[in-house]
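The sequence shown begins at 1 in the working numbering and counts up by one.
From the three backbone atoms N, C-alpha and C, an ideal C-beta is built for every residue, glycine too.
Okay, so here's the structure we're looking at.
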Amino acid sequence: MPRAVLRYVTHRITQHPDTDMTFEAECLRCDWSATPSEDGAAVDIECMGHTGRTSHEGFRRVCTSFALVVRAG
Numbered sequence: 001m002p003r004a005v006l007r008y009v010t011h012r013i014t015q016h017p018d019t020d021m022t023f024e025a026e027c028l029r030c031d032w033s034a035t036p037s038e039d040g041a042a043v044d045i046e047c048m049g050h051t052g053r054t055s056h057e058g059f060r061r062v063c064t065s066f067a068l069v070v071r072a073g
């Protein structure tokens, strides 16, 4: 009869050290979108400027990062 060895190892997930987060936003009422940036505040400022010009208040914001799973400890 075959034998199995089960090992339970704790892992953790973290942002990949060689990458940065990218922030994006797009208007929910028109085709406008902010320039993707590593600076989330810059994207927010672009959204506020768009609101000032158009009165569009809704945006879909996305933050993209790459994850790395490693053994804990």
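Going by C-alpha positions, ARG7 is about 33 Å away from MET21.
The C-beta of VAL5 has fewer than 16 other C-beta atoms within 10 Å across all chains shown, which makes the residue exposed. DSSP places GLU46 in the uninterrupted alpha helix (DSSP H) bounded by 40 to 54. DSSP, read as helix, strand or coil, puts ARG61 in strand.
Per DSSP, reduced to three states, the secondary structure at LEU28 is coil, with no helix or strand assignment. Around the beta-carbon of HIS50, 16 or more other beta-carbon atoms lie within 10 Å, marking it buried. Annotated as proximal: PHE59 and GLU26, with beta-carbon spacing under 8 Å.
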